[in-house]
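*Asks:* Everything in the sequence shown is counted per the numbering used here, starting at 178 for the first residue and increasing by one.
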Amino acid sequence: MLSNARTRSIVIQCALAAAVIGTATLLVNTTFANLQTRGIPIGFDFLTTPSRIVISEAILSYKSRDPYYWAIVVGLANTVFISALVIVFSSVLGLIVGVTRLSSNPLAAGTCRVWVEIARNSPPIVLLIFLYSLWWKVLPPVAEALNPIPGVFASMRGVMVPSVHVNMDTAGVTLILVAGLIFLAARVVGSLRRFRPTLSWAAAAVLLLGFSFADARVSIDWPVFAGSNFQGGLELTPELSTILIGLTIYTTGFIAEIVRGGVLSVGPGQWDAGRSVGLSRSQILRLIVIPQMLRVIVPPLNSQYINVVKNSTLAIAVGYPDFLAVMNTIISKSSHSIEGVFIILGVYLVLNLTLSSAANWYNRRIAIVER
178 MLSNARTRSI VIQCALAAAV IGTATLLVNT TFANLQTRGI PIGFDFLTTP SRIVISEAIL
238 SYKSRDPYYW AIVVGLANTV FISALVIVFS SVLGLIVGVT RLSSNPLAAG TCRVWVEIAR
298 NSPPIVLLIF LYSLWWKVLP PVAEALNPIP GVFASMRGVM VPSVHVNMDT AGVTLILVAG
358 LIFLAARVVG SLRRFRPTLS WAAAAVLLLG FSFADARVSI DWPVFAGSNF QGGLELTPEL
418 STILIGLTIY TTGFIAEIVR GGVLSVGPGQ WDAGRSVGLS RSQILRLIVI PQMLRVIVPP
478 LNSQYINVVK NSTLAIAVGY PDFLAVMNTI ISKSSHSIEG VFIILGVYLV LNLTLSSAAN
538 WYNRRIAIVE R
């Protein structure tokens, strides 16, 4: 029976799989036995006990008496927040820098090339430490804060920007959410195209009704210097600003090269066709080149977005309490290192798989369907 190549291949694969499973089982059993022998507790019950740890900066409400699981959620929210900002800013800047590198203006093209070369050939940790050190040496104290544009102040304590506050009641928010669900249904129901206009009009009506019931009041809180510090506005701490600026500069270099390659992948005939109908260079880029290059750049962009999430762990070097920093504190305080490592692996796996799935879905949407 083993003389058959297919049968032999199946037997070998089953044997290897059994060996891997057996080895993993042995390691797990040995680890748990050693932990129990030493009296080290095992399990995730500790997540519901008060954490008693301090998180210096959080976008969600947090107090030291909150349980461990909420501290994990707060750290995860910080990571998602900084990753989302870096992805948005680096995508916009990468598009601008990548297109400008192809400019006929030698100064603009040369400047963008220097940016790309420095970003691509510098370790991100070195860039972050350099920016963090530069922050304290260059920026003035709070009393002498720089005011480059109205409402924005930069000092050693961070950057103060205006904040927007929106107040609305529960009924209005509910109707707006219903409108969003109707819009989503209009997009998802692709096979029933005749219902799309009806769903869209219904969503628009519910949305207007929601805003009318919401009694929404939008106010802008401007930072004002009072006494020895600023009052009002939104404060971006030096740690948050450093990780945001540093990772944006670093990721922009890679995205710019991806964009440049995508533009060059569109044949010169497309440019000639655009000029023949009287389109300007910017119109050709916006209407012809960019829609076509998206099919080329989405897969490598997905890799860069995943790298952003992984590089966000470098925030610990400048003191920003991201997910990894919070988990390190939890592991040190609770002594549940194995459970903590599993949580870290699981969270980053879910984040990266979510990004990858979204990019793959979008790539399928814009792919050319051949008949």
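C-beta atoms are modelled at their ideal positions from N, C-alpha and C, and glycine is treated no differently.
Is the beta carbon of Y245 less than 7 angstroms from the beta carbon of S233?
*Replies:* no
*Asks:* Following the continuous beta strand (DSSP E) through P325, name the residue where it begins and the one where it ends.
*Replies:* First-last of the beta strand (DSSP E) with P325: 323-326.
*Asks:* Give the list of continuous alpha helix (DSSP H) stretches no shorter than 4 residues that lie fully inside the segment 436-484.
*Replies:* Under the rule that a run must span 4 or more residues, the alpha helix (DSSP H) segments found entirely inside the segment 436-484 read 445-453, 458-461.
*Asks:* Would you say the segment 409-426 touches the segment 250-264, given that touching needs at least three Cβ pairs under 8 angstroms?
*Replies:* yes
*Asks:* Ignore the nearest five residues each way along the sequence and tell me which others in E294's own chain have a CB closer than 8 angstroms to its CB.
*Replies:* For E294, same chain residues with a beta-carbon under 8 angstroms away, outside a window of 5 residues either side, are G430 in chain order.
*Asks:* In the DSSP assignment, the beta strand (DSSP E) including A331 goes from what residue to what residue?
*Replies:* 329-332
*Asks:* If you follow the beta strand (DSSP E) that N282 is part of, which residue opens it and which one closes it?
*Replies:* N282 -> no beta strand (DSSP E), and no H or E assigned at all.
*Asks:* Starting from D222, follow its DSSP beta bridges and name the residues at the other end.
*Replies:* Per DSSP, none; premise fails for D222.
*Asks:* Inspect the beta-carbon positions of G496 and I507 and report whether they are closer than 7 angstroms.
*Replies:* For G496 and I507, no; Cβs fall outside 7 angstroms.
*Asks:* Three Cβ pairs or more, each shorter than 8 angstroms: is that satisfied between the segment 262-273 and the segment 470-486?
*Replies:* yes
*Asks:* Hey, F223 and S511: beta-carbon distance below 7 angstroms or not?
*Replies:* yes
*Asks:* According to DSSP, is P244 helix, strand or coil?
*Replies:* It is a strand residue.
*Asks:* With a CB to CB cut of under 6 angstroms and the five nearest residues on each side skipped, what residues in its chain are close to E416?
*Replies:* Only V495, G496, Y497 meet the Cβ criterion.
*Asks:* Note down the Cα distance separating S368 from F330, rounded to an integer number of angstroms.
*Replies:* Confidence is the limiting factor: at S368 the pLDDT is only 45, short of 50, which leaves the residue's position unreliable and the question unanswerable from this model.
*Asks:* Any idea which residues DSSP pairs V250 with across the strands?
*Replies:* According to DSSP, which records beta bridges pairwise, V250 is partnered with nothing at all.
*Asks:* Hey, could you find the ends of the beta strand (DSSP E) G335 is sitting in?
*Replies:* Boundaries of the beta strand (DSSP E) around G335: 335-338.
*Asks:* DSSP three-state label for N406, please.
*Replies:* strand
*Asks:* For G439, which residues of its own chain have a beta-carbon under 7 angstroms away from its beta-carbon, when the five flanking residues on both sides are left out?
*Replies:* M470, V473, I474
*Asks:* Would you please state the rounded distance, in angstroms, between the beta carbons of L237 and G335? I believe it to be under 8 angstroms.
*Replies:* Actually they are not in contact, since the Cβ atoms of L237 and G335 sit about 19 angstroms apart, beyond 8 angstroms.
*Asks:* Can you tell me which of the three DSSP states I553 falls into?
*Replies:* Absent from the model: residue 553. The displayed extent of the chain is 178 to 548, so no value can be given.
*Asks:* By Cβ distance, which residues of its chain are closer than 6 angstroms to Q213, with the 5 residues on each side in sequence left out?
*Replies:* Within the same chain, and ignoring the five residues on either side of Q213 in sequence, no residue has its Cβ closer than 6 angstroms to its Cβ.
*Asks:* Where S241 and H513 are concerned, what is the direct C-alpha to C-alpha distance, given to the nearest angstrom?
*Replies:* 19 angstroms
*Asks:* In angstroms with no decimal places, state the Cα-to-Cα distance between K314 and L522.
*Replies:* Between K314 and L522, the C-alpha separation is close to 37 angstroms.
*Asks:* In this structure, does DSSP put R185 in helix, strand or coil?
*Replies:* helix
*Asks:* Check S509 in the structure and name its three-state DSSP category.
*Replies:* It is helical.
*Asks:* Which one of F209, T490, A535, D398 has the shortest CA to CA distance from V524?
*Replies:* T490
*Asks:* Here's the rule: buried if 16 or more other CB atoms are within 10 angstroms of the residue's CB, otherwise exposed. What is A502?
*Replies:* Burial call: buried.
*Asks:* Could you tell me the alpha carbon to alpha carbon distance between I217 and A195, rounded to whole angstroms?
*Replies:* For I217 and A195, the distance between alpha carbons rounds to 30 angstroms.
*Asks:* Of all the options Q447, S442, V251, V341, which has the alpha carbon lying nearest to the alpha carbon of W399?
*Replies:* V341
*Asks:* By the three-class DSSP mapping on this structure, what secondary structure does L316 have?
*Replies:* coil
*Asks:* Mind checking which residues open and close the beta strand (DSSP E) that includes L413?
*Replies:* 411-413
*Asks:* Would you say F500 and G252 are within 7 angstroms of each other, going by their C-beta atoms?
*Replies:* Less than 7 angstroms separates the beta-carbon of F500 from that of G252.
*Asks:* Hey, could you find the ends of the alpha helix (DSSP H) V524 is sitting in?
*Replies:* 514-543
*Asks:* For V559, which residues from the same chain have a beta carbon less than 7 angstroms from its beta carbon, with the 5 sequence-adjacent residues on both sides left out?
*Replies:* A query on residue 559 cannot be resolved here, the shown segment of the chain reaching from 178 to 548 and no further.
*Asks:* When DSSP labels each residue in this structure, what does S396 get in the three-state scheme?
*Replies:* Looking at S396 - three-state DSSP - the assignment turns out to be strand.
*Asks:* Sort I420, Q190, R185 by Cα distance to I573 and report the nearest one.
*Replies:* As displayed, the chain neither begins before 178 nor continues past 548, which places residue 573 out of reach and without an answer.
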